[in-house]
Amino acid sequence: MDKYRKIDLSDWDLYRERSNSINYISKDGEKLLKCVPLNKEEKLDEYIEELNMYNKLNSLGMHTPAVYEIVDVGNSRHGIIYQFIKEKNSISRAVSYEPDKVEEYVSRYVTITKKMHSTTVPNNLLPRVEDRAIEVINKLGDKFLNNMQKSILLDFINSRERKDTLLHIDAHYGNVITTPNNDTYMIDTAMCAKGDPYYDIGFLYVFTLLSPEDATFGLFHVDQVKLKEMWQAYVKMYFNISTEEEIHNIEKKIKPYGLVAFINHALFLHTVEYQKYIVDHHFDYLFDLK
Numbered sequence: 007m008d009k010y011r012k013i014d015l016s017d018w019d020l021y022r023e024r025s026n027s028i029n030y031i032s033k034d035g036e037k038l039l040k041c042v043p044l045n046k047e048e049k050l051d052e053y054i055e056e057l058n059m060y061n062k063l064n065s066l067g068m069h070t071p072a073v074y075e076i077v078d079v080g081n082s083r084h085g086i087i088y089q090f091i092k093e094k095n096s097i098s099r100a101v102s103y104e105p106d107k108v109e110e111y112v113s114r115y116v117t118i119t120k121k122m123h124s125t126t127v128p129n130n131l132l133p134r135v136e137d138r139a140i141e142v143i144n145k146l147g148d149k150f151l152n153n154m155q156k157s158i159l160l161d162f163i164n165s166r167e168r169k170d171t172l173l174h175i176d177a178h179y180g181n182v183i184t185t186p187n188n189d190t191y192m193i194d195t196a197m198c199a200k201g202d203p204y205y206d207i208g209f210l211y212v213f214t215l216l217s218p219e220d221a222t223f224g225l226f227h228v229d230q231v232k233l234k235e236m237w238q239a240y241v242k243m244y245f246n247i248s249t250e251e252e253i254h255n256i257e258k259k260i261k262p263y264g265l266v267a268f269i270n271h272a273l274f275l276h277t278v279e280y281q282k283y284i285v286d287h288h289f290d291y292l293f294d295l296k
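The sequence shown: position 176 = 182 (this note's numbering), numbered continuously.
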């Protein structure tokens, strides 16, 4: 017997249809329902993991849209209900609309990431970012790393101090949303872990500034010049620094952390295509080998 509350989709308004999901809005406009189309594979296990992660992050005080419950939507399908954030934009989308307000929007991004990085994760609530990276290297490393690169990465990971700070691991400008009331939320939190904040900061650098420009423009809606401006504003605010030399020193320190964080994504994407691109084009730069 299904333990989830049954709902009637006719009580909801269709909001958005995509190839792998259908979204509905409640009649009062306060909740968002996501489910899969009839011709797609059920995602109950993913919904359960998402609800469990929300409960963990909520216990730590992380500001994310609420995940209310998993429901039975009929035809052997399930859905998941979220808090619907009205008039929201991602940080990068907001900058694309108002490009002269980089500092205003980046400051919101800094505020929520620094709050996250001031949070300690107790015991075994979340995995360690280093453990995930080692798992990827052991399972998938032959697909995108040579033996020397594996050795350099493992030496770097194993020499890091193990920290218990809350991390997002996918904390780019598209995964922080904001509203006209200055409310700001973290979204897409499936990869949250614990470790050194340099992993999150390094990931932002690698993903936004070293990925192919066509890919970053499609995701962030701004070009590389604007992404560089956003990065410099972020580093200055986060570390309370001001000079080019200070920015360069931060970049030198966080670059290898960024690759380790980026490697974590292979466990969730089930592909190493993106990791291979970064390794092939930037490994030596990230580890100052040339």
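C-beta atoms are modelled at their ideal positions from N, C-alpha and C, and glycine is treated no differently.
Would you list the residues sitting across from residue 29 in a DSSP beta bridge?
Position 23 of the sequence shown holds residue 29. BP columns for residue 29 point to 22 and 40.
Determine the closest residue to residue 289 out of 245, 212 and 27, with distance taken between C-alpha atoms.
Within the sequence shown, the letter at position 283 stands for residue 289. That would be 212, whose Cα lies nearest to the Cα of residue 289.
For residue 155 and residue 285, which I take to be in contact (beta-carbon distance under 8 Å), what is that distance rounded to the nearest angstrom?
Position 149 of the sequence shown, counted from the first residue, corresponds to residue 155. Position 279 of the sequence shown, counted from the first residue, corresponds to residue 285. With a Cβ gap of about 6 Å, residue 155 and residue 285 count as contacting.
How would you write the range of the alpha helix (DSSP H) that residue 78 sits in, first residue to last?
Against the sequence shown, residue 78 aligns to sequence position 72. No alpha helix (DSSP H) contains residue 78, which is instead part of the beta strand (DSSP E) from 73 to 80.
What are the residues that DSSP puts in a beta bridge with residue 87?
For the purposes of this step, residue 87 is identified with residue 81 of the sequence shown, where counting begins at 1. The partner list for residue 87 (beta bridge, DSSP) reads 39 and 75.
Provide the residue(s) that pair with residue 201 in DSSP beta bridges, ordered along the chain.
The residue given as residue 201 occupies position 195 in the sequence shown. DSSP, once it has assigned bridges, lists 171 as partnering residue 201.
Whole-angstrom Cβ separation of residue 227 and residue 27, contact assumed at under 8 Å?
Taking the sequence shown and counting its residues from 1, the one referred to as residue 227 is at position 221. Taking the sequence shown and counting its residues from 1, the one referred to as residue 27 is at position 21. Contact doesn't hold; Cβ gap of about 21 Å is too wide.
What are the boundary residues of the alpha helix (DSSP H) that includes residue 243?
The residue given as residue 243 occupies position 237 in the sequence shown. 230 to 245 is the extent of the alpha helix (DSSP H) around residue 243.
Apart from the five residues on each side of it in sequence, which residues of its chain come closer than 8 Å, Cβ to Cβ, to residue 174?
Taking the first residue of the sequence shown as 1, we reach residue 174 at position 168. Once the five neighbours on either side are set aside, the close Cβ partners of residue 174 are 119, 122, 181, 192, 195, 197, 198 and 206.
For the segment 53 to 70 against the segment 19 to 36, do three or more pairs of beta-carbon atoms, one drawn from each stretch, fall closer than 8 Å, so that the two count as touching?
The segment 53 to 70 is not in contact with the segment 19 to 36.
Counting C-beta neighbours from all protein chains within 10 Å, is the total for residue 11 16 or more, i.e. buried, or is it exposed?
Within the sequence shown, residue 11 is the residue found at index 5, counting from 1. Exposed, because fewer than 16 other Cβ atoms sit within 10 Å of the Cβ of residue 11.
What residue does the alpha helix (DSSP H) around residue 182 start on, and which one ends it?
Against the sequence shown, residue 182 aligns to sequence position 176. No alpha helix (DSSP H) contains residue 182, which is instead part of the beta strand (DSSP E) from 182 to 184.
Return helix, strand or coil for residue 144, following the three-state DSSP convention.
In the sequence shown, counting from the first residue as 1, residue 144 sits at position 138. Of the three classes helix, strand and coil, the one that applies to residue 144 here is helix, per DSSP.
Taking all protein chains shown into account, decide if residue 112 is buried (16 or more other Cβ within 10 angstroms of its Cβ) or exposed.
Here residue 112 is taken as the residue at index 106 of the sequence shown, counted from 1. The residue is buried, with at least 16 neighbouring Cβ atoms inside 10 Å.
Nearest CA to the CA of residue 143: which residue from 159, 183 and 132?
Residue numbering aside, residue 143 sits at position 137 when the sequence shown is read from its first letter. The option with the nearest alpha carbon to residue 143 is 159.
Taking the alpha carbon of residue 68 as the reference point, which residue from 40, 102 and 127 has its own alpha carbon closest?
Translated into the one-based positions of the sequence shown, residue 68 becomes position 62. When each option's Cα is compared against that of residue 68, the closest is 127.
Can you list, in chain order, the residues of its chain whose CB lies under 7 Å from that of residue 130, leaving out five sequence neighbours each side?
Here residue 130 refers to the residue found at position 124 of the sequence shown. Excluding residues within five positions, none has a Cβ falling inside 7 Å.
Which residue comes first and which comes last in the alpha helix (DSSP H) that contains residue 154?
By one-based count along the sequence shown, residue 154 stands at place 148. Counting along the chain, the alpha helix (DSSP H) containing residue 154 begins and ends at 153 to 164.
Cutting at 8 Å between CB atoms, please list the residues of its own chain near residue 36, excluding the five before and the five after it.
Within the sequence shown, the letter at position 30 stands for residue 36. Contacts found: 89 and 90.
Can you find the residues in the same chain that come closer than 8 Å, C-beta to C-beta, to residue 77, ignoring five residues on each side of it along the sequence?
Taking the first residue of the sequence shown as 1, we reach residue 77 at position 71. Hits under 8 Å: 10, 11, 12, 13, 39, 84, 85, 86 and 87.
For residue 114, which beta-bridge partners are listed by DSSP?
On the sequence shown, position 108 is the one that residue 114 refers to. DSSP, once it has assigned bridges, lists no residue as partnering residue 114.
Start and end of the beta strand (DSSP E) containing residue 59?
In the sequence shown, residue 59 corresponds to position 53, counting from 1. Looking at the DSSP string, residue 59 is not in any beta strand (DSSP E); the run it does join, the alpha helix (DSSP H), is 50 to 65.
Please state if the CB of residue 295 and the CB of residue 261 are separated by a distance shorter than 8 Å.
One-based indexing of the sequence shown puts residue 261 at position 255. One-based indexing of the sequence shown puts residue 295 at position 289. Contact flag unset, no.
Please go through the same chain and pick out, in chain order, the residues whose beta-carbon is closer than 7 Å to the beta-carbon of residue 278, but skip the five residues on each side of it.
One-based indexing of the sequence shown puts residue 278 at position 272. Excluding sequence neighbours, residue 278 sits near 146, 149, 150 and 272.
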